[in-house]
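Read top to bottom, the protein sequences are chains A and B.
Take the numbering used here: the last position of the first sequence gets the number 604, and nothing is skipped along the way.
Take the numbering used here: the last position of the second sequence gets the number 1051, and nothing is skipped along the way.
Beta carbons are placed, not taken as given, at the ideal position from N, Cα and C, and that holds for glycine.
In this text, all values refer to a predicted model and were calculated from it rather than measured experimentally.
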Amino acid sequence: MKYDIIVVGAGHAGCEAALASARMNKNTLLITININNIADMPCNPSIGGSAKGIVVREIDALGGEMGRNADKTLLQIKMLNKSKGPAVRSLRSQSDKVTYKKEMLNTLRNTNNLTIKEGIVKDLIIENQKVIGIITESDDAIYCDACILTTGTYLKADILVGDKRKQEGPHGEKRANFLSDNLSKLGFKLLRLKTGTPPRIERSSIDFSLLKKEDGDSEELTFSFDNIAYYDYKKQVPCYLTYTNEKTHKIIMDNLNKSAMYGGFYKQLGTGPRYCPSIEDKIVRFKDKPRHQLFLEPESMYYDDIYLQGFSTSMPYDVQEKMVHSLKGLEHAKILRYAYAIEYDAIDPLQLKASLETKIIENLFTAGQINGTSGYEEAAGQGLLAGINAVLKLDKKAPLILSRSDAYIGVLIDDLVTKGTIEPYRLLTSRAEFRLLLRSDNADLRLSKKGYEIGLLPKERYKKVQDKIKEIEDIESEIKNVTFPKYKCNLAEYLKRPEIKIIDYVSKFSKKYTKEALEQVEINHKYEGYIVKAKKEAEKMHRLGKKQIPDDINYSKVDNLATEARQKLEKIRPRTIDQATRISGVNPSDISILMVYLKRYYNE
Amino acid sequence: MNDTIVAVSTALKEGAISIIRLSGCDAISIVNPLFKEKDLKKLKSHTINYGHIVYNDEIIDEVLVSIMKAPKTYTKEDVIEINTHGSVAVIKKIIEILLMNGCRLAEPGEFTKRAFLNGRIDLTQSEGVMDLIKSESEIERKMAVNELSGKTSTLITILRDKLVDLISNIEVNIDYPEYEDIEVVTIDRIKKEVCDMLNDLRKIVRLSEDGKIIKEGIKTVILGKPNVGKSSILNALLDEEKAIVTNIKGTTRDIVEGSIIVGGIKLNLIDTAGVRKSNDVIEKIGIEKSLSLIDSSELILLVLDGSEELSKEDKFLLEKTKNKKRIIIMNKKDLENKNSYDKNIVKVSAKNKEGIEEIKDRIKELFKVEEILNKNATIFTNVRQISLLKSTIESLEDAKKGAEENKEIDMIEIDLKLAWERLGDIIGANYNEELLDNLFSRFCLGK
Chain A
1 MKYDIIVVGA GHAGCEAALA SARMNKNTLL ITININNIAD MPCNPSIGGS
51 AKGIVVREID ALGGEMGRNA DKTLLQIKML NKSKGPAVRS LRSQSDKVTY
101 KKEMLNTLRN TNNLTIKEGI VKDLIIENQK VIGIITESDD AIYCDACILT
151 TGTYLKADIL VGDKRKQEGP HGEKRANFLS DNLSKLGFKL LRLKTGTPPR
201 IERSSIDFSL LKKEDGDSEE LTFSFDNIAY YDYKKQVPCY LTYTNEKTHK
251 IIMDNLNKSA MYGGFYKQLG TGPRYCPSIE DKIVRFKDKP RHQLFLEPES
301 MYYDDIYLQG FSTSMPYDVQ EKMVHSLKGL EHAKILRYAY AIEYDAIDPL
351 QLKASLETKI IENLFTAGQI NGTSGYEEAA GQGLLAGINA VLKLDKKAPL
401 ILSRSDAYIG VLIDDLVTKG TIEPYRLLTS RAEFRLLLRS DNADLRLSKK
451 GYEIGLLPKE RYKKVQDKIK EIEDIESEIK NVTFPKYKCN LAEYLKRPEI
501 KIIDYVSKFS KKYTKEALEQ VEINHKYEGY IVKAKKEAEK MHRLGKKQIP
551 DDINYSKVDN LATEARQKLE KIRPRTIDQA TRISGVNPSD ISILMVYLKR
601 YYNE
Chain B
605 MNDTIVAVST ALKEGAISII RLSGCDAISI VNPLFKEKDL KKLKSHTINY
655 GHIVYNDEII DEVLVSIMKA PKTYTKEDVI EINTHGSVAV IKKIIEILLM
705 NGCRLAEPGE FTKRAFLNGR IDLTQSEGVM DLIKSESEIE RKMAVNELSG
755 KTSTLITILR DKLVDLISNI EVNIDYPEYE DIEVVTIDRI KKEVCDMLND
805 LRKIVRLSED GKIIKEGIKT VILGKPNVGK SSILNALLDE EKAIVTNIKG
855 TTRDIVEGSI IVGGIKLNLI DTAGVRKSND VIEKIGIEKS LSLIDSSELI
905 LLVLDGSEEL SKEDKFLLEK TKNKKRIIIM NKKDLENKNS YDKNIVKVSA
955 KNKEGIEEIK DRIKELFKVE EILNKNATIF TNVRQISLLK STIESLEDAK
1005 KGAEENKEID MIEIDLKLAW ERLGDIIGAN YNEELLDNLF SRFCLGK
């Protein structure tokens, strides 16, 4: 059996990779341990969030699926940071875990060139440092031209609860026992990472009357730039808020030695994320904080689980019971599934090229948690790019590499392949230096052209963006003709005042424009000074980005480099001077030396 | 190599003419707004153009600007050369302005390095360039360490810590908007903290400029109407014939400089063209320059003529200098006194060298020389550092302005971050990881 591309794992990265590959006309196999877990959300029942919501919009603009699938399966959606500037607004939804999976599976099944198969991959078939196939645990060999690994947390996963360590994946699924060891044999450096998930509570056992309700926004919102709303915004499912208290903290402190993290039962191997600490971590590290906020989020309309966000723990079950019952509104709560921590293998992402192809094995790509990230959106963004770039590689075309001023996905991948990570990596707005350019509202304008040109975004969808661009141009010329003699300015200048909204002046225009196009024009003028500054900084970066470093450069021959810089450059092998400047330990004088060397030997 | 560099390509000392050279893609656009007479962008390459460098409506100097567009230049980049009048103070001022407008100081040998990198210089010279880069970065590193020991870097570190606390709080508000227990940064808090920081920074800059005075001398301008004896007084102070002294009104057209040490502190003396109404074009330029020097000077010696009544010009100059540190010198005490002005004057006869010591005593008094010399101040004396401090102040002022205009907090934060990066540039600190470390150590977040 032979496919063009095999995708191993069908989480959020795998689904995007497989869809991109199949839609770009490659005969694609998606292989997964359990078809029922395709596009599963093993942790929070939510898509989007700060920065992540923008990633979903970017995936959509490139022709990916996550945004459209989330739109079909919303329980609640809101725009975060509405009171702040346009750069930091971002969508966050509660998504139905049952329908999300179902809709994604439907989409996969209805996609041409795509085959889905159950199986656990134990090894890769390698020929001349090139991947040519996979071997499953049932010893089937399946051949391919390129392979994308999106194995999530399944590589040698261990579930940690109290003093127990069990060899299994999320929800007690089978783990992939052999693949990471075999990757190690091929020369990959592995990381051991850790994350956790909070308990799930039975909806009917919670007294919601004691808790603060959190509703969605009262307007129709979609992740996809050209989608209709599938939901009724008046009938969104609410979330609720509760807090830990002194009693909770006492229970945790009294039982700290029973926690998997603090008990010292076995050697802690995995590194957990700082932004996602367990509740015992929070209480130990922030002793003075009298309470911690917890969210109760609905998982699905088809079953009763409520996700207790903020309460991730690795305490034994009996302590978890006490902890949960100490919370207001949860005094009689019934725990349906207990919290656990999970440890898993990942590869050091410094072993990847910016296309997400590995440097060690040709035509082998990796995406998602195997690259050291966390989060559905981060995984999907990488999966999409890995899928696209695997196809482009087989077609002998240049890879699609998004820069830090193109997209959050660009920031994410550049951080991974340039700085690496020691903890599960999460996107944050503070990681993006050009966040004013990377807005939720302009993802379509930024990326749809690229999506269309590589053949992923359909023509009719791209046309909608082109229409919007035309509209924006028309409004731009109209606002120059709307004048305010009293203030001696036209509307373009008048819009710079914080209180002035373009929507109040549409009657002065020659025709009706869409809300989205008007919004673009308003933002462009209102924040012009800031945008100009950001573009200038981005331009600086691009100039260095154009200076390519040849793949075959031998750093040991570059005289005068500082030892640390030489080691880092050798390991990371940046593709441009710009990327080299972001490597910690590489100083400006090293960059000069490198540029001199390039000039001399490559006459670049 | 994507930035624009600047350096004085002649020796930094008194001379007839000095050349300030810029190279890089923004060379023309940086100088253009400062060059009053012509739009440099529209001029042909390889032309020399007469005009003035003007900054904040102040004429800094009369100059010739050469434009050489890439690639036929020394570095193969756009090159601008500014020919100035050789005064150290003017050169420093122009360089400081250029630095504030987007240039950076060239490293030693950097023009040559660029010429090499851009393929203009023969490859056989490459080894030499390599060694140069290596050795200069070593020297730079050592210099930076020496310059920034102790107090100065502590000061910057404290300010950066304050800024990073504010920034990471704002970032948390952005990344975790649902967390109600986390303090939300308000416009008022930003205003207050930014104002405090601005005060601190302005104080550092002021001290640094005092420090510069100690290091570089007090810029002392000798003012007066024509033929009042300015050059004679200058010569008496310098005790040497340096200025051209004649009794034909309007002979001193060039600014002549010399230095004296008074009580351990250096005075840079600047003679000026006499101030009067003039139709002579060249003399007019000199007069304009005299007047513009008033603002930039640190001390004014205003010379009056004791042998005649106050003239219109005298009154004009008395008024113009009333807010500056000044010493009013009544010259020609060897002649019959016909001048009734007597407020706080020093009577002098330059011709007979009488009263010169009294001028020096007044200077010591005015500058509390002893006090300055004893002050164990935390200061920056390096032009690069001071210009970074000033651009930090600019960014903070932008942030303050944003806050006053009620801009969104995440917009204001853009300028706060710029300010923080500039401060980091001074002490060579790394940026992004530090912010995240601060953020996660101070706020409790997550699922």
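Just to make sure I have the definition right: I need the residues of chain B whose C-beta is within less than 7 Å of the C-beta of residue i. Which are they?
| i | result |
| --- | --- |
| residue 88 of chain A | 778 and 1014 |
| residue 544 of chain A | 606 |
What separation, rounded to the nearest whole angstrom, lies between the Cα atoms of residue i and residue j?
| i | j | result |
| --- | --- | --- |
| residue 822 of chain B | residue 967 of chain B | 10 Å |
| residue 213 of chain A | residue 245 of chain A | 19 Å |
| residue 990 of chain B | residue 338 of chain A | 59 Å |
| residue 180 of chain A | residue 103 of chain A | 31 Å |
| residue 319 of chain A | residue 264 of chain A | 17 Å |
| residue 796 of chain B | residue 1019 of chain B | 15 Å |
| residue 305 of chain A | residue 321 of chain A | 16 Å |
| residue 463 of chain A | residue 997 of chain B | 47 Å |
| residue 806 of chain B | residue 13 of chain A | 52 Å |
| residue 665 of chain B | residue 903 of chain B | 19 Å |
| residue 612 of chain B | residue 876 of chain B | 25 Å |
| residue 606 of chain B | residue 722 of chain B | 12 Å |
| residue 377 of chain A | residue 719 of chain B | 47 Å |
| residue 641 of chain A | residue 317 of chain A | What the structure shows of chain A is the stretch from 1 to 604, and residue 641 of chain A is not part of that stretch, so it cannot be assessed. |
| residue 226 of chain A | residue 459 of chain A | 13 Å |
| residue 389 of chain A | residue 64 of chain A | 14 Å |
Among all the DSSP beta bridges, which residues are the ones paired with residue i?
| i | result |
| --- | --- |
| residue 672 of chain B | B/683 |
| residue 76 of chain A | A/94 |
| residue 708 of chain B | B/609 |
| residue 950 of chain B | B/933 |
| residue 653 of chain B | B/669 |
| residue 307 of chain A | A/200 and A/297 |
| residue 548 of chain A | A/576 |
| residue 271 of chain A | A/193 |
Name the chain A residues that come within less than 8 Å of residue i, Cβ to Cβ?
| i | result |
| --- | --- |
| residue 784 of chain B | 241 and 293 |
| residue 1018 of chain B | 436, 530, 533 and 534 |
Starting from the beta carbon of residue i, find every residue of chain B whose beta carbon is closer than 8 Å, and list them in chain order.
| i | result |
| --- | --- |
| residue 50 of chain A | 778, 779, 780 and 781 |
| residue 81 of chain A | 778, 781 and 1014 |
| residue 487 of chain A | Near residue 487 of chain A there are no residues of chain B at all, since even the closest Cβ is about 16 Å away, more than 8 Å. |
Any beta-carbon of chain B closer than 7 Å to the one on residue i?
| i | result |
| --- | --- |
| residue 442 of chain A | no |
| residue 429 of chain A | yes |
| residue 287 of chain A | no |
| residue 238 of chain A | no |
| residue 540 of chain A | yes |
| residue 604 of chain A | Model confidence at residue 604 of chain A stands at a pLDDT of 46, short of 50, so the residue's coordinates are unreliable and nothing is read from them. |
| residue 84 of chain A | yes |
Is residue i near the ligand FMN - that is, is its Cβ less than 6 Å away from at least one heavy atom of it?
| i | result |
| --- | --- |
| residue 614 of chain B | Summarising the ligand content, the structure contains no ligands, and the ligand FMN is consequently not present. |
Check whether the Cβ atoms of residue i and residue j lie closer than 7 Å to each other.
| i | j | result |
| --- | --- | --- |
| residue 30 of chain A | residue 135 of chain A | no |
| residue 77 of chain A | residue 221 of chain A | yes |
| residue 230 of chain A | residue 71 of chain A | yes |
| residue 153 of chain A | residue 283 of chain A | no |
| residue 5 of chain A | residue 26 of chain A | yes |
| residue 517 of chain A | residue 583 of chain A | no |
| residue 364 of chain A | residue 131 of chain A | yes |
| residue 108 of chain A | residue 451 of chain A | no |
| residue 627 of chain B | residue 695 of chain B | no |
Who are the neighbours of residue i on chain A, taking C-beta pairs under 9 Å?
| i | result |
| --- | --- |
| residue 1005 of chain B | Per Cβ cutoff of 9 Å: no residues; residue 1005 of chain B is ~10 Å from chain A at best. |
Can you confirm whether residue i, when its beta carbon is compared against all beta carbons of chain A, has any partner nearer than 7 Å?
| i | result |
| --- | --- |
| residue 1010 of chain B | yes |
| residue 775 of chain B | yes |
If the cut is a Cβ gap below 9 Å, which residues of chain B does residue i touch?
| i | result |
| --- | --- |
| residue 498 of chain A | 1009, 1010, 1011 and 1012 |
| Cβ-based contacts, 7 Å cut-off: residues of the region 322 to 352 of chain A near chain D | Among the protein chains in the structure shown, which are A and B, there is no chain D.
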